[in-house]
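Q: What follows is a structure written as structure tokens; I'll ask about it next.
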Amino acid sequence: MTQSLHFDPTRFTNEPFARRVEKPWGYELIFTPEDKPYTGKILHVRAGRRLSLQYHDQKLETIMLLHGRAILLCDNAEGELEEIVMEPGHGYSNIPGQRHRLIAIEDCDFVEASTPETGATYRLEDDSGRGTETEADRARERTGTGR
């Protein structure tokens, strides 16, 4: 078997990765290691729960409803909040500065693809009273040292 001149086996890994993060509305399963230039996660949102009304200063994201019934509340082209009944199997994208919120009508699972978890998440409304989240907050959450 011939190997490419650019083959470097030290840059490959086949180790599985997953990190579960408990949230007030359910949980996230992050399935990409932190050193990747992208983030992938599964969000499980319990019926009747909703994520923060929030926006990001850097993060771009696309979310797809896998199953369940949900509403996406997000800014439209006029900057007004619009309710969109999500269709399973379709992607919905948000850009930095765009307000958005997921609302689960019944138990839902979503897949999210995004740029890395950089910058801040500005929470405008949060059912659990959480405020803005920074990169330093996320680092403390990962290491278990609290806020």
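The C-terminal position of the sequence shown is numbered 147 in the working numbering, with every residue numbered one higher than the one before it. No residue lacks a Cβ here, since even glycine has one placed at the ideal position from N, Cα and C.
Hey, how far is the Cα of G129 from the Cα of A104?
A: Approximately 19 angstroms, taken between the alpha carbons.
Q: Using DSSP bridges, identify the partner residues of F110.
A: L43 and L65
Q: From Q54 to M64, what does the alpha carbon distance come to, in whole angstroms?
A: 18 angstroms
Q: Let me make sure I understand the geometry here. Which of D109, E34 and L29 has the alpha-carbon closest to that of A47?
A: D109
Q: My output table needs one value for T115: the three-state DSSP class, helix, strand or coil.
A: coil
Q: Within 10 angstroms of the Cβ of S93, are there 16 or more other Cβ atoms? Answer buried if so, exposed if not.
A: exposed
Q: Quick one, are the C-beta atoms of L60 and L102 less than 8 angstroms apart?
A: no
Q: Please classify R50: does DSSP put it in a helix, a strand, or coil?
A: strand
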